[in-house]
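The structure under discussion appears below in the form of structure tokens.
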Amino acid sequence: MSVRTTTAYVEDVSPGSGALPPRAWYAACDSPSLSLNGRWRFRLSDTADAEDDSFAAQDFDTGGWAEISVPGHWVLQGHGSPVYTNHLYPFPVDPPRVPTENPTGDHVRVFALPAGWPADGGAVLRFDGVESCARVWLNGTDLGEFKGSRLPHEFAVGHLLEPGHNVLAVRVHQWSAGSYLEDQDQWWLPGIFRDVTLLHRPPGGVGDFFVHASYDHTTGEGMLRVDADVAGRVTVPDLGVDTATGEPVTVPAEPWSAETPRLYDGVLAAGGERVALRIGFRTVELADGLIKVNGRPVLFKGVNRHEWHPEKGRALDHATMREDVLLMKRHNVNAVRTSHYPPHPAFLDLCDEYGLWVIDECDLETHGFTEQGWRDNPVDDDRWTPALLDRAARMVERDKNHPSVVVWSLGNEAGTGRGLTAMAEWIRARDGSRLLHYEGDPTCRDTDVYSRMYADHTEVERIGRRLDGGPHRRRALPFLLCEYAHAMGNGPGGLADYQWLFDTHDRLQGGFVWEWIDHGIAHPELGYAYGGDFGEELHDGNFVCDGLLFPDRRPSPGLVEYKKVIEPVAITGDGPAGAVRVTNRYDFADLSALAFTWSYEVDGEPAGSGTLTVPPLAPGESAAVELPAVPDGAPDGEAWWTVRARLAAGTSWAPADHVVAWGQLPVSGRRTPRVAATARPVPGDGTVTLGPAVFDARTGALRSVGAVSVTELRLDVWRATTDNDDGAAWQSGPRYGTLWRKLGLHRMRHRLDAVEAGADALTVRTRVAPAGREPGLRTEYRWTSDGDRLRLTVSTVPDGDWTVPLPRLGVRLRLPAADRVRWYGGGPGEAYPDTRAAALTGRWESTVDALQTPYVRPQENGARIDVRWAELGGLRIEGDPAFFLTARRWPTELLDAATHRTDLVPATGDVWVNLDHGQHGIGSQSCGPGPLPRYHLRAEPARFSFVFSAADGTSSPVS
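Position one of the sequence shown corresponds to residue 2 (my numbering), numbered consecutively onward.
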């Protein structure tokens, strides 16, 4: 082996050299294989040419090197630092050149062939993912180099293997020409991050094969043909199939769908090798302007999924992938867009098995070129077309046998150009059984679907009504929101409003929430780190934390809301009449797998429950079902029917009794609390006593209610702005978080105008306004009591020119201590005006700590909606009308200033409580539309009341 340092390949626009043609991936066969995952020797250099190639020699001593885990990223194992950018390249844009400072990791793995490794045949060395460019040697022989980080590459190595001592050497460069094609809104994480495997290839064994398994919904028959690069036989025992490769067979079969993922086990045998097949019969077509599978239109209720683990980055194990799929199924998600690259191939096996529609996206994004008006964009430069075609081929060939993959996507945010057309033409010629997607071309020249990102509700409705204009071809295509409902921080809001549009207009075939999981990196001091926490020169902050799961895979309130919004059974009806209407919103499955239960609650307490007989409705069918009589002995009060659809038996993805859908029907309304104003204010030594309360005589400030100290009660309009309040800097519309702060709503002053002790009330008049600004709120606090209970009525009138809505409107108070919180209202989780679909009316209990939602960047969170009454810290609070409840161990000011979870450290045992008459909606303006106007909290006259009493007392009289 010559000792030299060759780096020209790093900046070569070609996909590489030496690798075998791409082929199908399969999970199992009976030929031996050897995993080379594990501990590898590792050396990091600052530049691509800092070290020569001598490390690849069989006798090179790596004893002084570090060790790292493969699969893995070296920057997450103590060598260098990760970098996050949304779309800016973290290096000068001068394609295909990359910086001299190019972290380069040399990896060495020594292995021996296991006993019994066959002496005949050959062997293939397979890399499933390396970022971003790799050069490979085995036993000192240069095998080649490759780019295409999230794509497989194989090398023929049988002639180089030795029974005992084998040395595999891999040099990985963080930056390469390929980096210009991989600008995908994620951490830049170099390394060998997917499996490395040595595969024996027996003489005449199976190389590539293509399973064609279509379904005729008119006859109920499946057509199977397995094409292979060698002659062999295909057997499917359950179907009685035993046929030669390349020969079509038509048999009665059950179809595959995401709702009914029927797979048939088969075997492809050739040359003494047996490869396991998992066959799903389904036909995908564009018909009547709609995406149809097995003759039926499909409504995608999807998510965009980057691969992520908070400690391992994109190096996911099978258990983590399975956990993702199970969480999706349990939250009614039926589709995944593999943003923005093909996932680990085992993930698609899980989608086949458990049932998820997949848009398989190519490893391509050149978003950073938007900064220069797409000038020099590789997808419109013929020099790069071979690399684009290589990426398309490696995706299609690897994943072509997965029934879950129903759409190929050319990539993401890569502008337009000849290269994309070349990719589309190649894919159509290779596989005409699936549709093509690409969002970045508004003409839809190369696609079968009109796809958009973050279109607002009004525009989506116009598209649904086919009033969006555009080319004739586009107007005839179905529509997808390939990204919407940006799930960054608190949110996304408006999901139910989008879903109503999808359900109303056939052309709208659903969408994919951005995105599945927060990409927070576990950090010993910050909790979870995001962009900028590693000293990056360029970064996009916490824009990388925009998922429905927290980094540790705990569902966020956004995922709970999404589950409710997309539930496949609609439960509506007339509560007083005792009638419920059940509608099957599945596309393929009937309701025979579900069991229905009812419960009857009064003031949140159960008064009766039982089962409900619902017919096994076919998809789209609806039926009226009579509820039982009101249970005997049910007390008077606010009553609700709650009907739940549960799994009648356990499935592969959830146990029996798992709740798939639910609905609540009101029977009788709430009776509001009443406090007769019979007590008189009594002056004291600097105080005024009114019933159980003591006030400061000079300021009218509340000091205590009974034995409970209650201080700092005053009007509050500020919330720690959410990511969606603050919006994105590139958006043209109003970003209310910024406008609120500009107006000074975070630093309101409270001017005392009057304290008046009357015959039956204590009245405090104030004006609440920000320094330096004219607008304010004239506010009156009127206190009355019946001797045991204390009623506060707050009246506010806007003063001046209010041009923005309010963040919140209510009162804030401080308690000296509180731990347990009980309430009757919406729960169990947080909810806001446009994120309230999942709020179930009932009685709930929590700790103050558990009320908090741990967003990676702290912000407004934890409000419980429609609260009738709450008890905490020895105090009972009833609302007229119902209110939003928030309780925290820190004030809003600290929450607003925090940048990471670990900044939130209680200084005392105090608890700050917000009782809000209203909250502004959430929206998804971190990368989408703000809240719809109907969810704005307008500055207008308002009047609301609270009744305070001892928590261990009896309920207030009601009227």
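Ideal Cβ placement from N, Cα and C applies to all residues, glycine included. No experiment lies behind these values; they were computed from the predicted model shown.
Does the ligand ZN have a heavy atom nearer than 7 Å to the CB of Arg837? With respect to the ligand ZN, the structure offers nothing, as it holds no ligand at all.
So if DSSP puts Leu816 in a beta bridge, which residue, or which two residues, is it bridged to? Assignment of beta-bridge partners to Leu816 by DSSP yields Val912.
Ser956 (DSSP reduced to helix, strand or coil): Note that Ser956 has pLDDT 41, beneath the 50 cutoff, so the model's placement of it is unreliable and the number below is only indicative. Of the three classes helix, strand and coil, the one that applies to Ser956 here is coil, per DSSP.
Ala288 to Ala497 span [Cα, whole Å]: Across the structure, Ala288 and Ala497 are spaced so that their CA atoms are roughly 28 Å apart.
Is the separation between the beta-carbon of Thr339 and that of Glu372 shorter than 8 Å? Their beta carbons are not under 8 Å apart, which means Thr339 does not touch Glu372 by this criterion.
If you measure between the beta carbons of Val868 and Thr848, is that distance less than 8 Å? Using a Cβ distance threshold of 8 Å, Val868 and Thr848 do not count as a contacting pair.
Check Gly738 in the structure and name its three-state DSSP category. When DSSP states are grouped into helix, strand and coil, Gly738 belongs to the helix group.
Is it buried or exposed for Val111, if we count other Cβ within 10 angstroms and need 16 for buried? By the neighbour-count rule (16 or more Cβ atoms within 10 Å), Val111 is not buried but exposed.
Please state the DSSP three-state secondary structure of Cys546. Three-state DSSP puts Cys546 in coil, outside helix and strand.
Could you give the uninterrupted runs of the beta strand (DSSP E) lying entirely in the region 243-323, keeping only those of 3 residues or more? Within the region 243-323, the complete beta strand (DSSP E) runs of at least 3 residues fall at 250-253, 265-271, 274-280, 285-288, 291-294 and 301-305.
Determine the extent of the beta strand (DSSP E) in which Arg474 is found, giving its start and end residues. Here Arg474 belongs to no beta strand (DSSP E); instead the alpha helix (DSSP H) covers His473 to Arg476.
Let me confirm a value: Ser405 is counted as buried when at least 16 other C-beta atoms fall within 10 Å, else exposed. Which label applies? Per the 10 Å Cβ criterion, buried.
State the Cα-Cα distance for the pair Leu291 and Leu421, rounded to the nearest angstrom. Computed Cα separation, rounded: 23 Å.
For the candidate residues Thr6, Phe282 and Phe513, whose alpha-carbon lies nearest to that of His403? Put simply, of Thr6, Phe282 and Phe513 the residue whose alpha carbon is nearest the alpha carbon of His403 is Phe282.
Beta-carbon proximity list for Ser960, same chain, < 7 Å, skipping 5 on both sides: Its pLDDT being 33, under 50, Ser960 is placed unreliably by the model, and nothing is read from it.
Through-space distance from Gly433 to Ala962, alpha-carbon basis: A query on residue 962 cannot be resolved here, the shown segment of the chain reaching from 2 to 960 and no further.
Are there three or more Cβ pairs, one per stretch, closer than 8 Å when the region 575-584 is compared with the region 504-523? Segments in contact, no.
Apply the 10 Å Cβ neighbour rule to Pro249 and answer buried if 16 or more other Cβ atoms are within range, or exposed otherwise. Classification for Pro249: exposed.
Who are the near neighbours of Asp519 in its chain, counting only those whose CB is closer than 6 Å to its CB and skipping five residues on each side? Cβ within range, chain order: Cys546, Gly548, Phe551, Pro552 and Val857.
Note down the Cα distance separating Pro262 from Arg865, rounded to an integer number of angstroms. Roughly 38 Å separates the two Cα atoms.
Bridge partners of Cys928, per DSSP? Beta-bridge pairing links Cys928 to no other residue.
Go ahead and pull the three-state DSSP assignment for Asn378. It is coil, neither helix nor strand.
Given Ala966, which residues of its chain have a CB within under 6 Å of its CB, disregarding the five upstream and five downstream residues? Residue 966 lies beyond the stretch modelled for the chain, which goes from 2 to 960, so this question has no answer here.
In its own chain, which residues sit with a C-beta less than 7 Å from the C-beta of Arg466, not counting the 5 before and 5 after it? So the qualifying residues of the chain are His506.
Is it buried or exposed for Ala20, if we count other Cβ within 10 angstroms and need 16 for buried? Under this definition Ala20 is a buried residue.
Environment of Gly296 [buried if 16+ CB atoms lie within 10 Å]: So Gly296 counts as exposed.
What is the residue span of the beta strand (DSSP E) that Met454 lies within? Per DSSP, the continuous beta strand (DSSP E) segment holding Met454 begins and ends at Tyr451 to Met454.
Going by DSSP in three states, Met749 sits in which element: helix, strand or coil? Correct three-state label for Met749: strand.
Of all Cβ atoms in chain B, is any one closer than 8 Å to the Cβ of Val570? No chain B appears in the structure shown, which is made up of a single protein chain.
Helix, strand or coil at Gln500 [DSSP, three-state]: In the structure shown, the three-state DSSP call for Gln500 is helix.
Taking the Cβ atom as the reference point for each residue, do Ala662 and Pro684 lie within a distance shorter than 8 Å? With respect to Pro684, Ala662 sits apart: the two C-beta atoms are not nearer than 8 Å.
Can you tell which of Gly233, Val125, Leu126 and Asp364 has its C-alpha closest to the C-alpha of Gln187? For Gln187, the closest of Gly233, Val125, Leu126 and Asp364 by C-alpha to C-alpha distance is Asp364.
Only counting the same chain, and skipping five residues up and downstream in sequence, which positions put a Cβ closer than 6 Å to that of Tyr451? Cβ neighbours of Tyr451 beyond the five flanking positions: Cys445, Arg475, Leu478 and Phe480.
Take Pro22 as the anchor and find which of Thr101, Ala316 and Glu398 has the nearest alpha-carbon. Closest option to Pro22, Cα to Cα, is Glu398.
Helix or strand or just coil, what does DSSP make of Ser972? Because residue 972 is not part of the residues shown, which for the chain are 2 to 960, the question remains open.
Excluding five sequence neighbours on each side, which residues of the same chain lie with their C-beta closer than 8 Å to the C-beta of Thr6? Taking Thr6 as the centre and dropping the five residues before and after it, the same chain places the C-beta of Asp50, Glu52, Asp53 and Asp54 closer than 8 Å to its C-beta, in chain order.
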